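First comes the structure, then the notes that go with it.
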Amino acid sequence: MNSKFEHLRFGSQGYKKDSCAFFHPCILVGAGEFLTPEFIQKYDITHVINCSFDEYSPSWYREQYPFNYVCIEAYDGENVNILDWYPKFRYFLNKYLSEPLSEVVYVHCQLGINRSGFLALTYVCKELGFDIEKMEESVMSQRPCILQNNEFRKQIYEFLANK
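In short: position in the sequence shown from 1, add 1496, done, that's our numbering.
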């Protein structure tokens, strides 16, 4: 972990109790189980990108909004390259953000910690030019449990350094 932000972890109450994190006013990251009708209304969510697998996203949303949902089936682990899923993630996030009625895209994985967090971090830094360290600090202050996979962090830093 970036030791500069380690102090932010101490505020974590776990993935279920930590709030979601806005990476941008239109990009919100959290856990799949947070996706309820009340949550969608509260945050004006119009689209969902599931960075894990369908079983970690409620079926009611997939059935009710099939054109506003995508599952990219990324894996989490120390031997995984999260950037393998970035092109598909980027494509759908660009597509959803550009739709006329788009408000907030909810990006989630199983726990809202690594896959969704690092893919969203890569997007806002690469595509929108945000500073990676400022973004890490911002999202970790909102959701202290986020961005824990150090291999993903190394991959993202290297990828952004070579842009």
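Just so it is clear, CB atoms sit at the ideal spot from N, CA and C, and this is done for glycine as well.
These numbers were taken from a predicted model, which means no experiment stands behind them.
Counted as a single uninterrupted DSSP element, the alpha helix (DSSP H) harbouring Leu-1617 occupies residues 1611-1622. When secondary structure is reduced to three states using DSSP, Asn-1564 falls in the helix class.
About 19 Å separates the CB atoms of Leu-1615 and Thr-1542; that is not less than 8 Å, and the two are not in contact. Counting other Cβ atoms within 10 Å of its Cβ, Thr-1532 stays below 16 and is therefore classed as exposed.
For Asn-1645, same chain residues with a beta-carbon under 6 Å away, outside a window of 5 residues either side, are Asn-1610 in chain order. Our two residues, Cys-1522 and Tyr-1511, have alpha carbons roughly 21 Å apart in a direct line.
When the alpha-carbon of Asn-1590 is set against those of Asn-1564, Ile-1642 and Ser-1553, the nearest one is in Asn-1564. In the three-state reduction of the DSSP assignment, Ile-1642 falls in the coil class.
Distance from the CA atom of Tyr-1653 to the CA atom of Lys-1500, rounded to whole angstroms, is 15 Å. Counting only residues of its own chain and dropping the five nearest sequence neighbours on each side, Phe-1549 has a CB closer than 6 Å to the CB of Glu-1569.
Secondary structure note for Asn-1575: it is in no beta strand (DSSP E), with a DSSP letter that is neither H nor E.
For Asn-1590, the uninterrupted alpha helix (DSSP H) run begins and ends at 1582-1594, by DSSP. Your pair Val-1603 and Ile-1545 checks out as a contact, with CB atoms roughly 5 Å apart and the cut at 8 Å. Look at the stretch 1528-1553 and you find these whole runs of beta strand (DSSP E), each 3 residues long or longer: 1541-1546.
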